[in-house]
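Under full-length UniProt numbering, the first residue of the sequence shown carries the number 1, and numbering increases by one thereafter.
Please read the structure below before turning to the comments.
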Amino acid sequence: MGIIRLYEICPEAEKAGTQNAVVTGVTDNTAEVKQGSIFVCVKGARFDGHSAAAEMLSKGAVMIVTDHDIKCGKQLVTDNTRLCLARLLNSFYGKPSEKLGLLAVTGTNGKTTTAHFVKHILTTLGKKCGCVGTAGNDTCSGELKPSQHGTPTVPRATVLYSWLGEMVSNGADYCVMEASSQALDQYRIGDERIAVAGFTNLTRDHLDYHGTMENYFQAKRRVFTMCKTAVINIDDEYGKRLAQEFSDIAVTYSAEGNADYHAEFIRMNATGCSYMLVNEREKTACRVDMNMTGLYNVQNSLCAIAMVTALGFDMTECAKALSDLDGVDGRMNVVYRGDFTVITDYAHTDDALIKVLSTLKPLTKGRLICVFGAAGDRDKEKRPMMAKAAEDNADILVITSDNPAHENPDEIIREVMTGISGKKPCRCITDRREAIAYALDTARKDDVIALCGKGHETYQIIGDEYLPFSEKEIVKDIMKRKEN
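This is the structure we're talking about:
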């Protein structure tokens, strides 16, 4: 980037009487402010940036963005400082959002898998596609940027827009991102024009942040006010509502009934599935073969194919592209296969547990053993619901820690246990490594062990620390010692 002046990225600053200074950065983080920065005051849960405005000016800020008059000669007053931050960042990085075809996937479960499907299809079709999401971030540089410890699905706007800028510099045609409810609520994606947005489902999660399911829904809903085409799962009740509210731009999909895109003749086995994809609008059909199993992955693939087809690509070619995809990190991954099988999955809600376990159960010749826990500092009311979901769908339960964070892990387990009826064998082991070892010792021939909740994560959050914890490596280490 060359020299950037204030009026170039913020014409309103001239009207506000602020000098046309050289801009070196845009941030809402006081630690990042330097000479030439624009500092945007954001009110967070614990800190209000307005209280630091004077100090930021003394550090060299050329403009303060605020939501009220702070009696400063270098201020820009706006109704929504979070939205203003995203707009300023987009301008600072050369408006990358206008140079990329933006796609967004939202929903409680399935975002990572669907976004991965979209990226894989576009890449197979010869397009460069960046990706922002839970399992890693790709700016088309040739190296994956792993999600940082503690980084949300969609990173801070300052990071996101720098990545979008990198994608453009690296020749990307598209960017697919997971659009989380918090990111949408906090305007981390600003008010960008999104080519296609996909909706997977909505089940209980993040109510510690949103308070009610209606607030949660409204946060997710916002992405569809920003898109040209909305691809919506009408197997979900909230999806049916969205399809009605956005009927003028909605493209529907279903694995269970009639929709614009729907699946027929679904066949599943332990390692994959196939189905006939019907496009009712075009009166066309094609076969889909995948190396991933589960009805929810049929839904995820329907969403991805419909999203890419909405960009103008051929549906049959999109479907064909999925046939050589082996899987998605941390989503129904087999990490050990011997007399028994061990899989890892990110399932961390009752709905996700039901989907994973109900898929595995009919494919399991022996017993289905579920190892799971509930995260600390998160919605407590879902804990007994997770326990019921596991007990209803598995044969043996091992309840342990997930990411306890600042809560007592034993207390979390006690709250999980309130959802247990006692109809299935259940063991509580606080140390997750010991819980995994117990499950491996317990397993018999043809059993399946489902390690749920951690998925792609390679750490465990205890207090403020992110301690190394890779279930794949733990299983490998334990089995190596057992076999020697």
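Think of the CB as a built atom: it goes at the ideal place given N, C-alpha and C, for glycine as much as any other residue.
Simplified DSSP state of residue i, which is helix, strand or coil
i	result
T341	strand
F217	helix
V196	strand
L397	strand
A387	helix
G25	strand
E407	coil
P362	helix
M417	helix
C452	strand
E32	helix
L302	helix
K476	helix
Residue burial classification, residue i (beta-carbon count within 10 angstroms, cutoff 16)
i	result
Q19	exposed
G150	At G150, the pLDDT of 45 sits below 50, so the modelled position is not reliable; the number obtained from the coordinates is stated separately. Classification of G150: exposed, given that the 10 Å Cβ count is below 16.
P404	buried
T113	buried
G257	exposed
G165	buried
T139	buried
R331	buried
K355	buried
V42	buried
R281	exposed
Own chain residues within Cβ distance below 6 Å of residue i, not counting five before or after
i	result
G107	F199, T200, N201
I70	A53
L295	A255
S91	I9
R383	A374, E415, V416
Closest by C-alpha distance to residue i, when choosing among the options
i	options	result
E245	I396, A230, T430	A230
M292	E256, D345, M56, P96	D345
N233	T316, G110, S181, V22	G110
D67	K59, L57, R82, L397	R82
G373	I396, S401, P384, D379	S401
F265	D441, V278, K445	V278
D477	D235, Q299, T24, R433	R433
D208	D351, N29, T359, G376	G376
L76	Y275, P409, L6	L6
I462	I436, L451, K480, T430	T430
M63	A86, E98, P96, T27	T27
A104	E192, G142, S169	E192
Sequence-distant residues of its chain with Cβ nearer than 8 Å to residue i (five each side left out)
i	result
I249	F224, C227, K228, T229, A230
A184	The displayed chain sequence assigns Leu, not Ala, to residue 184. T106, A219, K220, R222, V223, listed in sequence order.
7 Å CB neighbourhood of residue i in its chain, flanking five on each side removed
i	result
Y459	H149, Y466, L467, P468, F469
E237	none
A439	I369, V371, V398, I449
A321	H120, I121, T124, L125
Closer than 7 Å: residue i CB and nearest the ligand SAH heavy atom
i	result
C303	The ligand SAH is absent from the structure shown, which contains no ligands of any kind.
In chain order, each alpha helix (DSSP H) run of at least 4 residues that lies wholly inside the region 43-101: As far as the region 43-101 is concerned, its whole alpha helix (DSSP H) runs of at least 4 residues are 53-58, 81-92.
As an exercise, report each continuous alpha helix (DSSP H) stretch of at least 4 residues that is fully enclosed by the region 128-176, in chain order. For the region 128-176, the full-length alpha helix (DSSP H) segments reaching 4 residues or more read 157-169 along the chain.
Could you tell me which uninterrupted beta strand (DSSP E) segments, each at least 3 residues in length, are contained entirely in the region 99-126, listed from first to last along the chain? The region 99-126 contains these whole beta strand (DSSP E) runs: 101-106.
Taking only runs of the alpha helix (DSSP H) that begin and end inside the region 200-272, which ones reach a length of at least 4 residues, in chain order? Entirely contained in the region 200-272, the alpha helix (DSSP H) runs reaching 4 residues are, in chain order, 207-210, 213-221, 237-245.
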